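Novice: Below you'll find the structure I mean.
Number of protein chains: 4
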Amino acid sequence: MTKNRLEAFSDGMFAIILTVLVLELQVPHLENNTLAVFVGAMSGLLPKLLSFVFSFFIIAIFWVNHHHIVHQIEKVDAKLLWLNNALLFFACLFPFLTAFIGDYPTNPFVVALYPINMALSSMVLSAFWKHAFVNTTLAPNKLTQAQKQKRIRQDGMSTAINLFAAALAFVWVPITLVIITVMPLLFVVPEFLSNKTEALQE
Amino acid sequence: MTKNRLEAFSDGMFAIILTVLVLELQVPHLENNTLAVFVGAMSGLLPKLLSFVFSFFIIAIFWVNHHHIVHQIEKVDAKLLWLNNALLFFACLFPFLTAFIGDYPTNPFVVALYPINMALSSMVLSAFWKHAFVNTTLAPNKLTQAQKQKRIRQDGMSTAINLFAAALAFVWVPITLVIITVMPLLFVVPEFLSNKTEALQE
Amino acid sequence: MTKNRLEAFSDGMFAIILTVLVLELQVPHLENNTLAVFVGAMSGLLPKLLSFVFSFFIIAIFWVNHHHIVHQIEKVDAKLLWLNNALLFFACLFPFLTAFIGDYPTNPFVVALYPINMALSSMVLSAFWKHAFVNTTLAPNKLTQAQKQKRIRQDGMSTAINLFAAALAFVWVPITLVIITVMPLLFVVPEFLSNKTEALQE
Amino acid sequence: MTKNRLEAFSDGMFAIILTVLVLELQVPHLENNTLAVFVGAMSGLLPKLLSFVFSFFIIAIFWVNHHHIVHQIEKVDAKLLWLNNALLFFACLFPFLTAFIGDYPTNPFVVALYPINMALSSMVLSAFWKHAFVNTTLAPNKLTQAQKQKRIRQDGMSTAINLFAAALAFVWVPITLVIITVMPLLFVVPEFLSNKTEALQE
């Protein structure tokens, strides 16, 4: 098992998961060609559409993070391989949870499942990183002890925020929905606006 | 994130989007084995079939254009990566819009959505190109100022035509359908007949 | 557009088309846990299952043939690219036609569509080969004139057999079904039994 | 046909098969937002969810085993190619069998189909290995006669266990379900806990 195979396989799965999301968007029924009927149908589709949008970017972020990590790894061992499979397992659940939240956006149990799966995915991705950068020498040891601890703290924080968002669903569902929707923006927008034109590739 | 990963990931998504299109083609119900029933069923399938055909070639054209651009790029930065993800996001919507137009080919709102999504995809692809060739040095700076302005004008024109086609749906739906169907032919046929046998590769 | 991209993209599409075939296999309804009910349900599933089996191997054969050709090609031009897209277009129709034949295995019109699509795919693959090996120098010119003519004759024969099989559906449907089922075996079995252990790769 | 193409194609198919599994998870119907309704719905989903989980890891194991073999192969011949296609054929059936077992977890005939397909897949993978390592020189001849015989015995054992698990479904269905669920754990957990940090790649 080389690193390239793990990369190509994970890429394939992330690409399919992203595309499968759109299969949940069912064509609505339209009684006639009036604007009112169209607007009504599209409003009914809105929860599905919104959950498609934020899921697309959440999974895209997981993909980007996954690759930033794998890019720096030089070797693959059996444990890393199965941590990767575990990550893909939780990633595979997103299309189902996206459809679920699209159908029941006001149900706290359903809405809470989503950030819980994000927390589990974050935990596995963090374990994946830790295995490569801290516990083994699969990645070249360039980070200081302080940098490693900072990263572990950040990953823990990310998991905690997701679990907290899940808990908030039982206080007031919309808070959780707002957190899920805004979090990917908080990640993508700064990167997009940063004007850091230095290339990611060496 | 290397250029190869971005290419492979985008290839994967375009391939899946093209294949997912065919999932919208549902087997029709046939009462008996007569020609009349078969022709009737296939006629009923015609809007779905036609929307499958032109969507297939429209997405294939986006894929070809995407690769002509990426082929010349040498480096990838965070902004380009997220412009690429945005392009794939709009590309992902095509199977849904194809099914929608297949079900309601006479509804101006539904039909208009399709060229609007084409306009949005064109705009993102144009921003993608501009970021690599004009705003940064991700692609080698071989184009003259005049060539760059010509390309930007062409991309703007393409977006304008799509938005105009969307507007025309509210005048007479068939015009928009004809434009959507004919536009990919206008792109593919000349390339096909050109007899330019010089290889695209280096 | 490099040859590798065309290969990877086509591989991706063939892989997805093969997997999408299985989505047509719906879980049957079982009244109870008796053998009789199980056998009844599986018998009802048989046309779907059989059409899945032969479609899987027919598409696999197209994939293998496609790669034997592309393997020897050194360059790609615009025409070859669009002939490839046309081939993938017809390949994409197989899951739909497989489901159709699985639902109406006694309907001559439905059954005839399948070999017609095989004929169209064969014709495009033949044009693809001819463009690379005869009309251009995309593939190195190693074949004699006689070899080229033999190949063109064989491809024409293959198309003719498929069209003939389509016509036979209107005489007696089972003949066509047998031809579709047996043809892939005639291709795969000799290769499998040949014991030619020389590697395909140089 | 080079080894890389066979690898990439198989990777693609395994990735799609794994993702297609999740399509079988349908969003349940929830009457209201109470815990009782949610727990009831999720309990109803449990067989589907469990069959998704063990299928995911069973297919992942097949993928890992497939690559351990292909990694050591240096050449590909026609027979190996078609053994690979046969393996992918049986792998493709898993999503259907997973959905089937998820719908009828108490039906011995349905439950038995699953380990039978595992036995068939194991047999083909074993023939694949044997063709490359014993009957031909596609893989470099590094193994002793004893090692080869051990591997053939192990593969035979694996097939036998699966057929035995299938037979047990007619004694008491839960035994078979437990075997199917526990077997992947018996494979993954030791690898995971082994702390063998030596990289798999050279």
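Which chain is which? The protein sequence lines are Y, D, X and R, in order. Start counting the first sequence at 878; every next residue gets the next number (the working numbering). Start counting the second sequence at 878; every next residue gets the next number (the working numbering). Start counting the third sequence at 878; every next residue gets the next number (the working numbering). Start counting the fourth sequence at 878; every next residue gets the next number (the working numbering). Just so it is clear, CB atoms sit at the ideal spot from N, CA and C, and this is done for glycine as well. Note that the coordinates shown come from a computational prediction; the quantities given were computed from them, not determined experimentally.
#1: Examine chain R for any beta-carbon lying closer than 8 Å to the beta-carbon of GLY889 of chain Y, and answer yes or no.
#2: If we count the other Cβ atoms within 10 Å of its Cβ and call it buried at 16 or more, is THR1053 of chain R buried or exposed?
#3: Verify the CB distance criterion: does ALA955 of chain X have a CB-CB separation below 8 Å to chain D?
#4: Answer yes or no: do ILE962 of chain R and LEU1002 of chain R have a C-beta to C-beta separation smaller than 8 Å?
#5: Is the distance from the Cβ of ILE893 of chain R to the Cβ of PRO992 of chain R below 8 Å?
#6: Using a Cβ-Cβ distance under 8 Å, would SER920 of chain Y count as near chain D?
#7: So, GLU901 of chain X versus LYS925 of chain X, is the Cβ gap smaller than 8 Å?
#8: If you check the beta carbons only, do LEU898 of chain X and PRO972 of chain X fall under 8 Å apart?
#9: Going by DSSP, what residue range makes up the alpha helix (DSSP H) through SER932 of chain Y?
#10: Is the CB of ALA892 of chain Y under 8 Å away from at least one CB in chain D?
#11: If the cut is a Cβ gap below 7 Å, which residues of chain X does TRP959 of chain R touch?
#12: Please report the Cβ distance between PHE1041 of chain X and LEU997 of chain X, rounded to the nearest whole angstrom; I am assuming they are in contact, meaning their Cβ atoms lie under 8 Å.
#13: Just to confirm the assignment, what range does the alpha helix (DSSP H) spanning LYS880 of chain X have?
#14: Leaving aside the five residues before and after GLU1033 of chain D along the sequence, list all residues of the same chain whose C-beta is less than 8 Å from its C-beta, in chain order.
#15: In chain order, what residues of the same chain lie with their CB nearer than 6 Å to the CB of ASN1039 of chain X, ignoring the 5 residues before and after it?
#16: Whose C-alpha, out of R:PHE915, R:HIS948, R:GLU908, is nearest the C-alpha of ALA885 of chain R?
#17: In three-state DSSP terms, what is PRO982 of chain D?
#18: Compare the beta carbon distance of LEU907 of chain D and PHE915 of chain D with 8 Å and say whether it is the shorter of the two.
#19: Buried or exposed, going by whether 16 or more other CB atoms sit within 10 Å of the CB of HIS1008 of chain X?
#20: Closer than 7 Å by beta-carbon distance: list the chain Y residues that pair up with THR896 of chain R, in chain order.
#21: Using CA atoms only, rank isn't needed, just tell me which of X:GLN903, X:HIS944, X:TRP940, X:VAL1048 is closest to LEU970 of chain R.
#22: Taking buried to mean at least 16 other C-beta atoms within 10 Å of its own C-beta, is ASN909 of chain Y buried or exposed?
#23: Using CA atoms only, rank isn't needed, just tell me which of R:SER887, R:ALA918, R:PHE939, R:PHE891 is closest to VAL1065 of chain R.
#24: In angstroms with no decimal places, state the Cα-to-Cα distance between HIS945 of chain Y and TRP959 of chain D.
#25: Note down, in chain order, all residues in the region 1032–1048 of chain R with a beta-carbon under 8 Å from any beta-carbon belonging to chain Y.
#26: What separation, rounded to the nearest whole angstrom, lies between the Cα atoms of LEU1045 of chain D and LEU990 of chain D?
#27: Does PRO985 of chain Y come within less than 8 Å of chain R when only Cβ atoms are used?
#28: Taking the alpha-carbon of VAL1050 of chain X as reference, which of X:PRO982, X:ARG1030, X:PRO1017 has the nearest alpha-carbon?
#29: Examine chain R for any beta-carbon lying closer than 8 Å to the beta-carbon of VAL1059 of chain X, and answer yes or no.
#30: Under the rule that 16 or more other beta-carbon atoms within 10 Å means buried, what is ARG882 of chain D, buried or exposed?
#31: How is GLN1078 of chain R classed by DSSP in three states: helix, strand or coil?
#32: Taking C-beta to C-beta, are LEU964 of chain D and MET890 of chain X nearer than 8 Å?
#33: Look up ALA968 of chain X in the DSSP assignment and say whether it is helix, strand or coil.
Specialist: Well, looking at it:
#1: Indexing the first sequence from 1 puts residue 889 of chain Y at position 12. Judged by the 8 Å Cβ criterion, GLY889 of chain Y is in contact with chain R.
#2: For this step, residue 1053 of chain R is matched to residue 176 along the fourth sequence. The residue in question, THR1053 of chain R, is buried, as its Cβ has 16 or more Cβ neighbours within 10 Å.
#3: The sequence position of residue 955 of chain X within the third sequence is 78, counting from 1. Output row for ALA955 of chain X: interface = yes.
#4: Stepping through the fourth sequence from its first residue, residue 962 of chain R is reached at position 85. Stepping through the fourth sequence from its first residue, residue 1002 of chain R is reached at position 125. For clarity, residue 962 of chain R is Asn in the given sequence; the question names Ile instead. No, they are not a contact pair.
#5: In the fourth sequence, residue 893 of chain R corresponds to position 16, counting from 1. In the fourth sequence, residue 992 of chain R corresponds to position 115, counting from 1. No; because the gap between Cβ atoms is not below 8 Å, this pair is not in contact.
#6: Taking the first residue of the first sequence as position 1, residue 920 of chain Y is located at position 43. Judged by the 8 Å Cβ criterion, SER920 of chain Y is not in contact with chain D.
#7: Locating residue 901 of chain X in the third sequence gives position 24, counting from the first residue. Locating residue 925 of chain X in the third sequence gives position 48, counting from the first residue. Taking 8 Å as the Cβ cut-off, GLU901 of chain X and LYS925 of chain X qualify as a contacting pair.
#8: Taking the first residue of the third sequence as position 1, residue 898 of chain X is located at position 21. Taking the first residue of the third sequence as position 1, residue 972 of chain X is located at position 95. Yes, Cβ-Cβ distance for LEU898 of chain X and PRO972 of chain X is below 8 Å.
#9: Your numbering for residue 932 of chain Y matches position 55 in the first sequence. The continuous alpha helix (DSSP H) containing SER932 of chain Y extends over residues 912–949.
#10: To locate residue 892 of chain Y, count along the first sequence from 1; it is residue 15. Cβ-Cβ to chain D under 8 Å: yes for ALA892 of chain Y.
#11: Your numbering for residue 959 of chain R matches position 82 in the fourth sequence. Within 7 Å of the CB of TRP959 of chain R, the CB atoms of chain X belong to VAL1065, GLU1068, PHE1069, in sequence order along the chain.
#12: What you label residue 1041 of chain X is simply residue 164 of the third sequence in a count that begins at 1. What you label residue 997 of chain X is simply residue 120 of the third sequence in a count that begins at 1. With 8 Å as the limit, PHE1041 of chain X and LEU997 of chain X do not qualify as a contact, their Cβ atoms being about 15 Å apart.
#13: As a first step, residue 880 of chain X is located in the third sequence; it is residue number 3 there, counting from the start. 880–900 is the span of the alpha helix (DSSP H), which, as asked, contains LYS880 of chain X.
#14: Locating residue 1033 of chain D in the second sequence gives position 156, counting from the first residue. Here residue 1033 of chain D is Gly; the residue named in the question, Glu, does not match the sequence. Contacts found: SER1003.
#15: Along the third sequence, read from residue 1 onward, the residue named residue 1039 of chain X stands at position 162. Counting only Cβ-Cβ distances below 6 Å, and skipping sequence neighbours, we find PRO992, MET995, ALA996.
#16: In the fourth sequence, counting from the first residue as 1, residue 885 of chain R sits at position 8. Closest by alpha carbon: R:HIS948.
#17: Looking up residue 982 of chain D in the second sequence gives position 105. Coil at PRO982 of chain D, not helix or strand.
#18: For the purposes of this step, residue 907 of chain D is taken as the residue at position 30 of the second sequence. For the purposes of this step, residue 915 of chain D is taken as the residue at position 38 of the second sequence. Contact: yes.
#19: Your numbering for residue 1008 of chain X matches position 131 in the third sequence. Buried, since its Cβ has 16 or more Cβ neighbours within 10 Å.
#20: For the purposes of this step, residue 896 of chain R is taken as residue 19 along the fourth sequence, with counting starting at 1. Listed by position along chain Y, the residues whose Cβ is nearer than 7 Å to that of THR896 of chain R are MET890, ILE893, ILE894, VAL897, CYS969.
#21: In the fourth sequence, residue 970 of chain R corresponds to position 93, counting from 1. Closest in alpha carbon position to LEU970 of chain R, among X:GLN903, X:HIS944, X:TRP940, X:VAL1048, is X:GLN903.
#22: By 1-based counting over the first sequence, the position of residue 909 of chain Y is 32. With fewer than 16 other CB atoms across the displayed protein chains lying within 10 angstroms of its CB, ASN909 of chain Y is exposed.
#23: What you label residue 1065 of chain R is simply residue 188 of the fourth sequence in a count that begins at 1. Each of R:SER887, R:ALA918, R:PHE939, R:PHE891 was checked against the Cα of VAL1065 of chain R, and the nearest Cα belongs to R:PHE939.
#24: By 1-based counting over the first sequence, the position of residue 945 of chain Y is 68. By 1-based counting over the second sequence, the position of residue 959 of chain D is 82. Cα to Cα, the separation comes out at about 14 Å.
#25: Within the region 1032–1048 of chain R, contact with chain Y at the beta-carbon level (separation under 8 Å) is assigned to no residue.
#26: As a first step, residue 1045 of chain D must be located in the second sequence, where it is residue number 168. As a first step, residue 990 of chain D must be located in the second sequence, where it is residue number 113. So the alpha carbons of these two residues sit roughly 12 Å apart.
#27: As a first step, residue 985 of chain Y is located in the first sequence; it is residue number 108 there, counting from the start. It does: the Cβ of PRO985 of chain Y has a partner Cβ on chain R nearer than 8 Å.
#28: As a position in the third sequence, residue 1050 of chain X is number 173, starting the count at 1. The shortest C-alpha separation from VAL1050 of chain X is found at X:PRO982.
#29: On the third sequence, residue 1059 of chain X is found 182 positions in, with the first residue counted as 1. Under the 8 Å criterion on CB atoms, VAL1059 of chain X is classed as non-interfacial with respect to chain R.
#30: Position 5 of the second sequence, counted from the start, is the residue given in the question as residue 882 of chain D. It counts as buried.
#31: The residue given as residue 1078 of chain R occupies position 201 in the fourth sequence. Model confidence at GLN1078 of chain R stands at a pLDDT of 45, short of 50, so the residue's coordinates are unreliable and nothing is read from them.
#32: Here the question's residue 964 of chain D lines up with position 87 in the second sequence. Here the question's residue 890 of chain X lines up with position 13 in the third sequence. Cβ distance not < 8 Å, so LEU964 of chain D and MET890 of chain X don't count as in contact.
#33: Here residue 968 of chain X is taken as the residue at index 91 of the third sequence, counted from 1. Look at ALA968 of chain X here: in three-state DSSP terms it is helix.
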